[in-house]
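> Structure in structure tokens, see below.
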Amino acid sequence: MDDKLDFLDILASTLHDTKNSLGMLSNTLAEIIERYKDRDDSLFREFNMLQYEIKRLNHNQIRLLSLYKAERSQFAINIDLHSVSECLEEVVLQNDHILGSKGIEIETDCQEGLFWAFDRGLVSGILDNVLNNAFRYAKDKVRLSVARDGLYLAIRLEDNGPGYPEEMLMDGREGSFRRETIDFGTGSTGLGLYFSMLVAGSHVNKDRKGRITITNGGTLGGGVFTLYIP
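In this note's numbering, the protein residues as written are 1021 to 1250.
Laid out in structure tokens, this is it:
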């Protein structure tokens, strides 16, 4: 019998444990921030910056675990019918105080009573990550909107920052992911983008697959991230 442990399994187990610890740390910090929310001082802003970094680390753990499961053919999605507006409200609530600490306003535009079939946890994870990134790049405004686009649900997140770099722009076609997005000098691994593509592509309806596009411009003149769900 081969008793040798698989390194990837050990790594995945460690990542899972680390993710849980970061989640507990983030929840504790959120409680502290809630007590300091009425204080406009440097300590409050430092707490929010710390939570931003913790969430960023936690997102990376989740993505790595998802990619590990995909590699092991264990990646599964749970498709169900959900209220789109409730999903967006939950994501905004999770990020509002972090963005607000930097003076960034979140505007939402979603039709009430709109329901769609998708994996709520995974889609929320994508939106949570993009909103978390907006903390770094948006000047003072982010817009999260939802609309039907043919046979797809288009969830669009725009900001009024400098926009995405040329190497990150994507038109949604397969093979449009560029290895140039990986830059260890700046800390950009492309992991979030790859995870978003994995989740989007896992949503299939008949002959249609989900996809993402990354462009610049939009209504706020900055970056535009769009998730299409069939």
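Even for Gly, the Cβ is constructed at its ideal location relative to N, Cα and C.
Bear in mind that the values here come from a model prediction, so they are computed numbers and not experimental data.
1) By alpha-carbon positions, which one of 1179, 1158, 1155, 1230 ends up nearest to residue 1171?
2) Give the DSSP-derived three-state secondary structure of residue 1186 in the structure shown.
3) Provide the residue(s) that pair with residue 1125 in DSSP beta bridges, ordered along the chain.
4) I'd like the span of the beta strand (DSSP E) that includes residue 1102, first residue to last.
5) Taking the Cβ atom as the reference point for each residue, do residue 1165 and residue 1134 lie within a distance shorter than 8 Å?
6) Between residue 1127 and the rest of its own chain, which residues show a CB-CB distance below 6 Å, the 5 nearest in sequence each way excluded?
7) Given a threshold of 16 other Cβ atoms within 10 Å of its Cβ, counted over all protein chains shown, does residue 1131 qualify as buried or as exposed?
8) Would DSSP call residue 1274 helix, strand or coil?
9) Work out the CA separation of residue 1188 and residue 1178 for me, nearest whole Å.
10) DSSP three-state call for residue 1220: helix, strand or coil?
11) Under the three-state reduction of DSSP, which class applies to residue 1232: helix, strand or coil?
12) My assumption, with CB atoms under 8 Å, is that residue 1222 sits in contact with residue 1097. Please give the rounded CB distance.
13) Using beta-carbon positions only, say whether residue 1137 and residue 1248 come within less than 8 Å of one another.
14) With 16 as the cutoff for other CB atoms within 10 Å, does residue 1204 come out buried or exposed?
15) Distance, Cα to Cα, residue 1064 vs residue 1114?
16) Return the residue from the list 1080, 1182, 1107, 1214 that minimises the CA-CA distance to residue 1040.
So, to answer that:
1) Nearest of 1179, 1158, 1155, 1230 to residue 1171, Cα basis: 1230.
2) Reduced to three states, the DSSP call for residue 1186 is helix.
3) Answer is 1161.
4) For residue 1102, the uninterrupted beta strand (DSSP E) run begins and ends at 1100-1103, by DSSP.
5) No.
6) Closer than 6 Å at the Cβ level, and outside the excluded window around residue 1127, lie 1163.
7) In the assembly as shown, residue 1131 is an exposed residue. Its beta-carbon has fewer than 16 other beta-carbons within 10 Å.
8) With the chain covering 1021 to 1250 only, the question about residue 1274 has no answer from this structure.
9) C-alpha of residue 1178 to C-alpha of residue 1188: approximately 15 Å in a straight line.
10) Three-state result, residue 1220: helix.
11) Reduced to three states, the DSSP call for residue 1232 is strand.
12) Between residue 1097 and residue 1222 the Cβ distance is about 5 Å, and since that is below 8 Å, they are a contact.
13) At a Cβ-Cβ threshold of 8 Å, residue 1137 and residue 1248 do not count as neighbours.
14) Residue placement at residue 1204 is poorly supported in this model, since its pLDDT is 43, which falls under 50; the coordinates still yield a value, given next. By the neighbour-count criterion, in which 16 or more other beta carbons inside 10 Å mark a residue as buried, residue 1204 falls on the exposed side.
15) Looking at the two C-alpha atoms, the distance is approximately 17 Å.
16) Considering only alpha carbons, the answer is 1080.
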